[in-house]
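Undergrad: Start counting the sequence shown at 34; every next residue gets the next number (my numbering).
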Amino acid sequence: AEPEDTEAPGKRLRLWMLQSLAGDEPSEDILEKMNTTKEEWNMTSRLFRDDDPQDDVLKWFGMPSKEDVSNLKRGLACMNTFRCDFEKKMQKYWNSFKDGCKG
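(1) Buried or exposed for Ser78, please, with buried defined as at least 16 other CB atoms from any protein chain shown within 10 angstroms of its CB.
(2) I'd like to check one pair, Leu91 with Asp137: are the Cβ atoms closer than 9 Å?
(3) Over the uninterrupted alpha helix (DSSP H) stretch that includes Thr77, give me the two end residues.
(4) If Trp74 and Pro86 are in contact, beta carbons under 8 Å, what's the gap, nearest whole angstrom?
(5) Taking C-beta to C-beta, are Phe81 and Lys44 nearer than 9 Å?
(6) Is the beta carbon of Phe94 less than 9 Å from the beta carbon of Met67?
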């Protein structure tokens, strides 16, 4: 795929996340473009806002534990910072850090 094909969905997802964190009510066209419903938007907003998500939100998303939510948030933060191949980049930075500490 062309780079812009993979970047556009990522940019839309980040915009969606920023709007959900800002508490903005999404317009119908944004919901349609994000291929989501108002209920999904609200539940996602609750999931990202709450430091300690409620059991009903966890159940709705099918996440059995709060640790799963923490892992999801950590993964999304890394994707926002390092893009889609963040695991390789994180490993590269970690290896560079370890090598620098040996000297």
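Where is the CB? At the ideal position from N, CA and C, for every residue including glycine.
TA: Quick answer:
(1) buried
(2) Here the chain has residues from 34 to 136 only, and residue 137 is not among them.
(3) Start and end: 71 to 82.
(4) 16 Å between Cβ atoms; not a contact.
(5) No.
(6) no
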